[in-house]
Amino acid sequence: MYYAQDEPSPQALRFKLRDNTDHVTGVEGLTPIMQWMKPGEDFAAGAGAVVERSGGWYEYTPDSGELDTLGEAIFQATATGVDMWEEKVWITALGFLGAANPAGVSLALSCPDRVEFGQKLLFGLRITNPLTGAVATPAAPPQYRIYEGGITAVPPFATGYMVQLDSPTVTGAFAELLDITVAEGFTLGKTYLITVDVGIGGKLVGSTASFRVDAIETILHHKRMQDISTGVQQFYDESGSDVIVTVTPSEVSGTIELIAS
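Each residue of the sequence shown is one higher than the one before, counting from 4 in the working numbering.
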């Protein structure tokens, strides 16, 4: 088991005190003697609270002072006529069950894994507390950054702030709508990374998602395309009258495959 220092309240350790004759039967009505050894220290009397359940089961909730040192700690419970219960626990700075990050919130970033070139990309964010399920709203809108392919240390080519949805009816929900066009710096066939940062409670929390810019398959399937003598290709809507997007040979780069009907 582990404890995370960023959790709003410690979880209770559950243990069973078994009869020291058959080593199976749980013994009720005991007052366990609690011992707690923090990393680098000797055993000391537990300062937390003990609660008896049933069938020889008990719960111990550590005091905050018992969780102030990172590393492996040991918990013991003893009583007359029963086997000693001992368990190792890890004390960490950040948890993933109680609080997913330093601010005690979880970011659910939703983004399609692919988007059609010339269309719009919609991505959204919901901020919740994973312990309580409650939603939260930061003091400032979440900031997003978009990086183009690869994993090298390059600056983002696009940044901005997400828009809060339906406030005050909906809490902790944000979204952003981007034009996936050449004018906005996007290229057909490339993969992009979105990072989102949110400041809550004086802490910075982040999440990531990625998407790929692909050809307009629905348009290709309907053969709404016209070749230009220069090699530029124009993609039309299903009516065949309105141009949706124009791409050059370098942007196509062999990634578009015409599908014959």
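Just so you know, even glycine gets a beta-carbon here, dropped at the ideal spot from N, CA and C.
The structure displayed is predicted, hence computed values, not measured ones.
Could you compute how far the alpha carbon of K130 sits from the alpha carbon of L180? Residue 130 is actually Ile in this sequence, not Lys. The alpha-carbon separation between I130 and L180 amounts to approximately 18 Å.
Go through its chain and collect everything with a Cβ distance to V27's Cβ below 8 Å, but skip five positions before and after it. R21
Reduced DSSP secondary structure (H/G/I, E/B, other) of L191: coil
Complete beta strand (DSSP E) runs within the region 143 to 188 (minimum length 3 residues, chain order): 146 to 151, 161 to 164, 176 to 182
With DSSP run on the structure shown, which of helix, strand or coil describes E69? helix
Buried or exposed: which applies to E89, given that a residue is buried once 16 or more other Cβ atoms fall within 10 Å of its Cβ? exposed
Count the other CB atoms, across all protein chains shown, that sit within 10 Å of the CB of W39; report buried if there are 16 or more and exposed otherwise. In summary, W39 is buried, with 16 or more beta-carbon neighbours lying within 10 Å of its beta-carbon over all protein chains present.
Within the same chain, show all residues whose beta-carbon is closer than 8 Å to that of Y61, passing over the 5 residues directly before and after it, in chain order. R17, F18, K19, L20, L33, P35, V53, V54, E55, A80
Along the beta strand (DSSP E) that carries T64, what are the first and last residues, could you check? 60 to 64
So, helix, strand or coil for V27, using DSSP? In the three-state reduction of the DSSP assignment, V27 falls in the coil class, being assigned neither a helical nor a strand state.
For the beta strand (DSSP E) containing M40, name the first residue and the last one. 36 to 40
Within 10 Å of its beta-carbon, does L100 have 16 or more other beta-carbons around it, so buried, or fewer, so exposed? Only weak support is given to the placement of L100: the predicted model assigns it a pLDDT of 37, under 50, and the value that follows is read from those uncertain coordinates. Exposure of L100 is indicated by the presence of fewer than 16 other C-beta atoms within 10 angstroms of its C-beta.
Pairwise C-alpha distance: T64 and V201: 32 Å
Rounded to whole angstroms, what's the CA-CA distance from A143 to F214? Just pull it up for me. Note on geometry: alpha-carbon atoms of A143 and F214 lie some 25 Å from one another.
Check this for me: beta carbons of L168 and F177, under 8 Å apart or not? Cβ distance < 8 Å, so L168 and F177 count as in contact.
Looking at the structure shown, is A137 part of a helix, part of a strand, or coil, going by DSSP? coil
Among V173, S67, Q14, I149, nearest to A139 - alpha-carbon criterion: V173
Look at the Cβ atom of G58, then the Cβ atom of G29, and state whether they are nearer than 8 Å. yes
Buried versus exposed call for S67 [16 or more other C-beta atoms within 10 Å across all chains shown]: exposed
Three-state secondary structure assigned by DSSP to Q79: Of the three classes helix, strand and coil, the one that applies to Q79 here is strand, per DSSP.
Taking the alpha carbon of G175 as the point to measure from, which residue in G188, I203, T211, K123 has its own alpha carbon closest? I203
Inter-residue Cα distance where the pair is L73 and G121: Just so you know, the alpha carbons of L73 and G121 end up roughly 51 Å apart.
Along the beta strand (DSSP E) that carries S109, what are the first and last residues, could you check? 109 to 113
Comparing C-alpha positions only, which one of D45, V157, L191 sits nearest to R117? L191
Report the three-state DSSP secondary structure of L16 (helix, strand or coil). strand
Go to R129, then tell me how far its beta strand (DSSP E) extends in each direction, as first and last residue. 123 to 131
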